[in-house]
Each structure stands twice: as C-alpha cells, then as structure tokens.
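For the sequence shown, my numbering begins at 690 and goes up steadily by one.
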Amino acid sequence: MFTKEDIAIALSDALMVHLVSKGSDIAKEQEAIREFGKRLVQECGSSEMRHKI
C-alpha cells in the first residue's frame with residue numbers, strides 16, 4: 690500500500706517531468722511543485738481523520 694507521502698512524491702515527479710517536456714523553467718516552478726505536494730499530503734491527512742471519526 691502506498692502512503693500519502695509516496696503519492697505526493699509521485700505526483701510531484703510527474704508534474705516536474707511534464708513541465709520539463711514543455712520547456713518550462715524548473716527552478717521557477719520547483720517551489721510551486723513542493724507547495725502542491727505539501728498541500729496534497731495535508732489534505733489526505735485531514736481526509737483520513739474525517740473517515741476515522
């Protein structure tokens with residue numbers, strides 16, 4: 690079973706590959722990608738808590 694961190698990393702990696710293939714400047718996009726991953730993990734965590742209640 691994958692953890693929420695595993696999924697966030699995989700999605701972030703896929704997003705980086707997509708941006709590179711489009712010729713985007715990864716240095717500029719990297720912070721946004723990291724923030725996306727952090728938010729995804731937080732949302733997954735809060736969703737899991739709701740299901741446990």
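Glycine included, C-beta positions come from ideal geometry on N, C-alpha and C.
Note that this is a predicted model, so its numbers are computed, not measured.
Exposure of G712 is indicated by the presence of fewer than 16 other C-beta atoms within 10 angstroms of its C-beta. For I722 and V706, the gap between their C-alpha atoms comes out near 11 Å. Assigned with DSSP and collapsed to three states, M690 falls in coil, not helix or strand.
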